[in-house]
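The structure appears right after this line, and notes come after that.
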Amino acid sequence: MKEITVTEPAFVTHFSCSGSACSDHCCKGWKITLDKTTVKKYLASKDATIRTIAQDNIILLKKNNSHWGEIKLPSALGNCPYLDEDRLCRVQKTLGAKALSHTCSSFPRAHHTYKNEVRNSLSLACPEVTSRILNDPDAMALGEKKSFSRHSILRRYFQRSKSYSICFA
């Protein structure tokens with residue numbers, strides 16, 4: 022097994038969502054794709070609000086297991102129907118971070134893999150990320166870790182992203 026190098030700047034390592042205190046929110050204007058498991062989870066939810074929103078707002082596409090459906094954004098602003106009055110996600114508040122779609126759980130995170138190297142970053146579309154980069158003099162300090170499994174690195178990265186998704190804190 023080959024050694025994997027994971028590189029990320031400090032602003033990635035120390036990122037946390039500011040949730041409803043954010044100057045904006047990331048729950049609008051997306052094409053939110055849902056895998057088959059997530060669609061079924063939302064449609065069969067024990068929580069009536071989650072289930073009703075799913076019934077009214079999930080478009081079933083059944084293209085493949087990872088693109089089974091999409092959430093339509095019905096409001097004039099293009100806001101996600103799961104966004105509550107406090108600009109927080111009803112799915113995360115009710116079902117937990119593990120119930121989030123891949124789209125919702127990964128933003129603003131990005132990872133780039135090349136051979137035996139993974140580079141983690143965050144999107145500047147997130148106001149909290151931009152603020153950290155502009156206001157923290159050490160934000161761009163690079164950290165490096167070694168591992169022996171690309172799969173475990175990516176799994177940990179996306180598990181962490183489910184804990185700190187920007188509009189779902």
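Just so you know, we're using the numbering used here here: the sequence shown kicks off at 22 and counts up by one.
Backbone N, C-alpha and C define an ideal beta-carbon position, used for all residues, glycine too.
On a predicted model such as this, the values are computed, not experimentally measured, just so you know.
Residue i, DSSP secondary structure in three states
i      : result
ASN85  : strand
PRO148 : helix
GLU24  : coil
LEU109 : coil
ALA97  : coil
SER168 : strand
GLY90  : strand
LYS114 : helix
Residue i: first and last residue of the uninterrupted beta strand (DSSP E) it sits in
i      : result
LYS119 : Unbroken run through LYS119: none, as it is neither H nor E.
ALA131 : 130 to 135
LEU143 : 138 to 143
Where the alpha helix (DSSP H) containing residue i begins and where it ends
i      : result
LEU64  : 57 to 64
ALA69  : 69 to 78
ALA162 : That residue, ALA162, is in no alpha helix (DSSP H); it is neither H nor E in DSSP.
ALA31  : 31 to 34
Whole-angstrom C-beta distance between residue j and residue i, which should lie under 8 Å
i      : j      : result
CYS125 : CYS110 : 7 Å
GLU24  : LYS166 : About 11 Å separates the two Cβ atoms, so there is no contact after all.
LEU104 : CYS48  : 5 Å
ASN137 : THR28  : No, ASN137 and THR28 are not in contact; Cβ-Cβ is about 12 Å, not under 8 Å.
ILE53  : SER122 : 6 Å
Own chain, CB closer than 8 Å to residue i, minus 5 neighbours either side, in chain order
i      : result
ARG153 : PHE32, HIS35, PHE36, ALA160
GLY164 : THR28, GLU29, PRO30, ALA31, THR34
LYS62  : LEU116, ALA120
LEU143 : PHE32, VAL33, PHE36, PRO129, ARG130, ALA131, VAL150
Same chain only: Cβ atoms within 6 Å of residue i, ignoring 5 sequence neighbours per side
i     : result
SER39 : GLU149
SER41 : ASP107, ARG108, LEU109
LEU81 : GLY90
Cut-off 7 Å between Cβ atoms - residues of its own chain near residue i, not counting five sequence neighbours on either side
i     : result
ASN86 : ASP56, LYS57
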